[in-house]
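Undergrad: Protein chains in written order, with the working numbering: chain G, 1 to 77; chain E, 1001 to 1077; chain V, 2001 to 2146; chain Y, 3001 to 3146.
Cβ coordinates follow ideal geometry from the N, Cα and C atoms, glycine included.
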Amino acid sequence: MKIELIFFGQLTDIVGASSLMVDSPGTIEELKKIVIEKYPALATMQYTIAVNNKITFDNVVITENDTIAWMPPFSGG
Amino acid sequence: MKIELIFFGQLTDIVGASSLMVDSPGTIEELKKIVIEKYPALATMQYTIAVNNKITFDNVVITENDTIAWMPPFSGG
Amino acid sequence: MEKKLKNIFMDGAIAPVFIADSIAKHATKTDIGGHSIFLGQVRADQIAGKAIAAIEYTSNQEMVLEKMHAIREDIFQKYPLTCMHVYHSLGTVKAGEICLFVFTSAKHRKAAIDACSECVERIKAELPIWGKELFDNDGYQWKVNS
Amino acid sequence: MEKKLKNIFMDGAIAPVFIADSIAKHATKTDIGGHSIFLGQVRADQIAGKAIAAIEYTSNQEMVLEKMHAIREDIFQKYPLTCMHVYHSLGTVKAGEICLFVFTSAKHRKAAIDACSECVERIKAELPIWGKELFDNDGYQWKVNS
């Protein structure tokens, strides 16, 4: 099961892309580990994660067709 | 010594004019008595008096060329 | 009296295009981060079956300009503003039209917002201006500020 | 998801004439007594000798519209508003241009003013929008909201 990660703001500078396909690893916590292993600079960044547009927590389980958004602090206005 | 009284808002309905020349009676307090005798309905109205654009008090003495403004509560905006 | 008093009066309603021009003029002031604007609009209130069609504004004009000068100085002292503009109608303003335009600009939004709202309160409380509410079917009543 | 989400995005800067049109449209709503408007303008801040020439805005668009829908519902529940309009730029907005337009209207001024300022705070804190500050001589930094 592949899921889509989308990145915003300064996180796109680290990942070098605004989206990424990965194999679903179960929970958000497990996903974070995999992604941070690939992009270690993410570990030093502040961000929140939203699953299907809802801010989410580490123990949430990812399901098929979920869109996982990685968002640094907002800076609109 | 004649002085000029100017009236605003609902006070013009009572006085029937926006300005009036009167003989200066000394203090604001004495002036009030004379004007209210002439227009008794003024006694029931709320107003402040300004001498030369400054809000003033009953014991102030009127001098030549003063302009005395009779102003009901403000309702701008 | 030698202080230069800025005029705030407009004949009749304040047009939306005037407001747009006023905003556009600030594009060259690139140290501004936020503008706060308050607009007063004449309401067609119903009183005992009669609707207010317009308000006719009169003022103790010279005293208004002196008082507004003092308010402006107070507000510039209290808030770090880049600029502040105030316009108030005189004469007749129809229901639905704009009679008051207060416009503050600052580097950061908080100063602009707080200054604007304080300025509106002081204008309503302290400027000797009166509104005569004209009914659509003849007659009038004097406006009372709450 | 079946709720109707109002679009708030504008391509590039928000023009003063658009703001004027928006104001003018309210002339028929004669139960409105006060409008409060906030405008965000891009500042040409100097950072280590470089000036910000523009901000390029991106967003998590769908999430912004959902969140804005929720904010709108909260604010209408809290304040007796007649209407509320919000516009935020996407893409490039030059220094001196308008990037945010919040517009609230109510019978009485207090509701309009309080709702507008609360809405601005929530927009800045809760909408997933990001600003990339572009320097005039090349390079950029990511905007940080205070």
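For the stretch 3034-3047 of chain Y, which residues have a CB atom closer than 9 Å to at least one CB atom of chain V, in sequence order?
TA: Cβ contacts with chain V come from 3034, 3035, 3036, 3037, 3038, 3039, 3040, 3041, 3042, 3043, 3044, 3045.
Undergrad: Quick one: list the residues of chain E neighbouring residue 2060 of chain V, beta-carbon separation under 8 Å, in chain order.
TA: Counted from its first residue, the third sequence places residue 2060 of chain V at position 60. Within chain E, the residues near residue 2060 of chain V are 1006, 1008, 1050, 1053, 1069, 1071.
Undergrad: Excluding the 5 residues preceding and the 5 following residue 2005 of chain V in the sequence, name in chain order all residues of the same chain whose CB lies nearer than 6 Å to its CB.
TA: Mapped onto the third sequence, residue 2005 of chain V falls at position 5. If we look at residue 2005 of chain V and ignore the five residues flanking it on each side, its Cβ neighbours are 2065, 2069.
Undergrad: Identify which residue in Y:3045, Y:3143, Y:3105, Y:3121 has its Cα closest to the Cα of residue 2043 of chain V.
TA: One-based indexing of the third sequence puts residue 2043 of chain V at position 43. Cα-wise, what sits closest to residue 2043 of chain V is Y:3105.
Undergrad: Roughly how many whole angstroms lie between the Cα atoms of residue 2063 of chain V and residue 3121 of chain Y?
TA: The residue you call residue 2063 of chain V lines up with position 63 of the third sequence. The residue you call residue 3121 of chain Y lines up with position 121 of the fourth sequence. Between residue 2063 of chain V and residue 3121 of chain Y, the C-alpha separation is close to 38 Å.
Undergrad: I'd like to know whether the C-beta atoms of residue 2041 of chain V and residue 3115 of chain Y end up nearer to each other than 9 Å.
TA: Your numbering for residue 2041 of chain V matches position 41 in the third sequence. Your numbering for residue 3115 of chain Y matches position 115 in the fourth sequence. Contact flag unset, no.
Undergrad: What are the start and end residues of the beta strand (DSSP E) that includes residue 1029 of chain E?
TA: Within the second sequence, residue 1029 of chain E is the residue found at index 29, counting from 1. It is not in any beta strand (DSSP E) - residue 1029 of chain E instead sits in the alpha helix (DSSP H) that spans 1028-1038.
Undergrad: Go to residue 3039 of chain Y, then tell me how far its alpha helix (DSSP H) extends in each direction, as first and last residue.
TA: Within the fourth sequence, residue 3039 of chain Y is the residue found at index 39, counting from 1. No alpha helix (DSSP H) holds residue 3039 of chain Y; the beta strand (DSSP E) holding it covers 3034-3041.
Undergrad: Start and end of the alpha helix (DSSP H) containing residue 3062 of chain Y?
TA: By 1-based counting over the fourth sequence, the position of residue 3062 of chain Y is 62. Note, residue 3062 of chain Y: alpha helix (DSSP H), 3061-3078.
Undergrad: What did DSSP end up calling residue 74 of chain G once you bin it into helix, strand or coil?
TA: Residue numbering aside, residue 74 of chain G sits at position 74 when the first sequence is read from its first letter. In the structure shown, the three-state DSSP call for residue 74 of chain G is coil.
Undergrad: Measure from the alpha carbon of residue 65 of chain G to the alpha carbon of each residue in G:22, G:10, G:49, G:8, then state which is nearest.
TA: Counting from 1 along the first sequence, the entry for residue 65 of chain G is found at position 65. Minimum Cα distance to residue 65 of chain G is reached at G:22.
Undergrad: Name the chain Y residues that come within less than 8 Å of residue 74 of chain G, Cβ to Cβ?
TA: Along the first sequence, one-based indexing puts residue 74 of chain G at 74. Those within 8 Å of residue 74 of chain G in chain Y are 3124, 3125, 3126, 3127, 3128, 3129, 3130, 3145.
Undergrad: So, helix, strand or coil for residue 2005 of chain V, using DSSP?
TA: Here residue 2005 of chain V corresponds to residue number 5 of the third sequence, with the count starting at 1. It is coil, neither helix nor strand.
Undergrad: Could you tell me whether the Cβ of residue 77 of chain G comes closer than 9 Å to any Cβ of chain Y?
TA: Along the first sequence, read from residue 1 onward, the residue named residue 77 of chain G stands at position 77. At least one chain Y Cβ lies under 9 Å of residue 77 of chain G.
Undergrad: Near residue 2071 of chain V, what residues of its chain come up, given a Cβ to Cβ distance below 6 Å and the 5 sequence neighbours on each side ignored?
TA: Residue mapping note: residue 2071 of chain V aligns to position 71 of the third sequence, counting from 1. Sequence-distant Cβ neighbours of residue 2071 of chain V in its own chain, meaning closer than 6 Å and more than five residues away, are 2122.
Undergrad: Kindly say whether residue 3093 of chain Y, judged by its beta-carbon, lies nearer than 9 Å to any beta-carbon of chain V.
TA: As a position in the fourth sequence, residue 3093 of chain Y is number 93, starting the count at 1. No, residue 3093 of chain Y lies away from the interface with chain V (no Cβ there is under 9 Å from its Cβ).
Undergrad: Quick check on this structure: which residue in E:1063, E:1067, E:1059, E:1038 has the alpha carbon closest to the alpha carbon of residue 1052 of chain E?
TA: Position 52 of the second sequence holds residue 1052 of chain E. Comparing Cα positions, the closest option is E:1067.
Undergrad: Rounded to a whole number of angstroms, what is the C-alpha to C-alpha distance between residue 2111 of chain V and residue 3143 of chain Y?
TA: Position 111 of the third sequence holds residue 2111 of chain V. Position 143 of the fourth sequence holds residue 3143 of chain Y. Distance between the alpha carbons of residue 2111 of chain V and residue 3143 of chain Y: 20 Å.
Undergrad: Have a look at residue 2036 of chain V and residue 2083 of chain V and give me their C-alpha separation to the nearest angstrom.
TA: Position 36 of the third sequence, counted from the start, is the residue given in the question as residue 2036 of chain V. Position 83 of the third sequence, counted from the start, is the residue given in the question as residue 2083 of chain V. Roughly 11 Å separates the two Cα atoms.
Undergrad: Under 8 Å, with one C-beta from each stretch per pair, do the stretch 42-49 of chain G and the stretch 1027-1039 of chain E reach the 3-pair mark?
TA: no
Undergrad: Going by other Cβ atoms of all chains shown within 10 Å of its Cβ, with 16 needed for buried, is residue 984 of chain E buried or exposed?
TA: Nothing about residue 984 of chain E can be read from this structure; chain E reaches only from 1001 to 1077.
Undergrad: Using a 10 Å radius around the Cβ and a threshold of 16 neighbouring Cβ atoms, would you call residue 75 of chain G buried or exposed?
TA: For the purposes of this step, residue 75 of chain G is identified with residue 75 of the first sequence, where counting begins at 1. Buried, because 16 or more other Cβ atoms sit within 10 Å of the Cβ of residue 75 of chain G.
Undergrad: When burial is assigned at 16 or more other CB atoms within 10 Å of the CB, is residue 2097 of chain V buried or exposed?
TA: Working through the third sequence from its first residue, we reach residue 2097 of chain V at position 97. Classification for residue 2097 of chain V: buried.
Undergrad: With the cut-off set at 9 Å, would you say residue 2099 of chain V and residue 2013 of chain V are in Cβ contact?
TA: Counted from its first residue, the third sequence places residue 2099 of chain V at position 99. Counted from its first residue, the third sequence places residue 2013 of chain V at position 13. Yes; because the gap between Cβ atoms is below 9 Å, this pair is in contact.
Undergrad: Give the interface partners of residue 2096 of chain V over in chain Y, defined as CB-CB distance under 9 Å, in chain order.
TA: As a working note, residue 2096 of chain V is residue 96 in the third sequence. Under the 9 Å cutoff, chain Y gives 3026, 3027, 3028, 3029, 3030, 3032.
Undergrad: Bridge partners of residue 3141 of chain Y, per DSSP?
TA: Taking the fourth sequence and counting its residues from 1, the one referred to as residue 3141 of chain Y is at position 141. According to DSSP, residue 3141 of chain Y bridges with Y:3133.
Undergrad: Quick one: which residues of the stretch 3063-3097 of chain Y get their C-beta closer than 7 Å to a C-beta of chain G? List them in chain order.
TA: Cβ contacts with chain G come from 3063, 3066, 3088.
Undergrad: 9 Å is my cut-off, CB to CB: does residue 3055 of chain Y come that close to chain V?
TA: What you label residue 3055 of chain Y is simply residue 55 of the fourth sequence in a count that begins at 1. Chain V contact via Cβ: absent.
Undergrad: Between residue 3048 of chain Y and residue 2113 of chain V, what straight-line distance do the alpha-carbon atoms span, to the nearest angstrom?
TA: In the fourth sequence, the residue the question calls residue 3048 of chain Y occupies position 48. In the third sequence, the residue the question calls residue 2113 of chain V occupies position 113. Looking at the two C-alpha atoms, the distance is approximately 29 Å.
Undergrad: Which of the three DSSP states, helix, strand or coil, is assigned to residue 1056 of chain E?
TA: Start at 1 with the first residue of the second sequence, and residue 1056 of chain E comes out as number 56. Three-state result, residue 1056 of chain E: coil.
Undergrad: Given a threshold of 16 other Cβ atoms within 10 Å of its Cβ, counted over all protein chains shown, does residue 1040 of chain E qualify as buried or as exposed?
TA: By 1-based counting over the second sequence, the position of residue 1040 of chain E is 40. With fewer than 16 Cβ atoms within 10 Å of its Cβ, residue 1040 of chain E is classed as exposed.
Undergrad: Please report how far the alpha carbon of residue 1020 of chain E lies from the alpha carbon of residue 2021 of chain V, in whole angstroms.
TA: Taking the first residue of the second sequence as position 1, residue 1020 of chain E is located at position 20. Taking the first residue of the third sequence as position 1, residue 2021 of chain V is located at position 21. Rounded to whole angstroms, residue 1020 of chain E to residue 2021 of chain V spans 42 Å at the Cα level.
Undergrad: Going along chain E in order, which residues have a C-beta closer than 7 Å to the C-beta of residue 2100 of chain V?
TA: Taking the first residue of the third sequence as position 1, residue 2100 of chain V is located at position 100. Ordered by position in chain E, the residues that pass the 7 Å Cβ test against residue 2100 of chain V are 1077.
Undergrad: Under 8 Å by Cβ, that's how I've got residue 3087 of chain Y and residue 3023 of chain Y pegged, so tell me the actual separation to the nearest angstrom.
TA: Residue mapping note: residue 3087 of chain Y aligns to position 87 of the fourth sequence, counting from 1. Residue mapping note: residue 3023 of chain Y aligns to position 23 of the fourth sequence, counting from 1. Not confirmed; about 13 Å, so no contact.
Undergrad: Under 8 Å between beta-carbons, which chain Y residues line up against residue 2106 of chain V? List them in chain order, please.
TA: Sequence index remark: in the third sequence, residue 2106 of chain V carries index 106 (1-based). Going along chain Y, no residue has its Cβ under 8 Å from residue 2106 of chain V, so there is no contact; the nearest lies around 10 Å.
Undergrad: Work out the CA separation of residue 2033 of chain V and residue 3131 of chain Y for me, nearest whole Å.
TA: Against the fourth sequence, residue 3131 of chain Y aligns to sequence position 131. Against the third sequence, residue 2033 of chain V aligns to sequence position 33. The alpha-carbon separation between residue 3131 of chain Y and residue 2033 of chain V amounts to approximately 14 Å.
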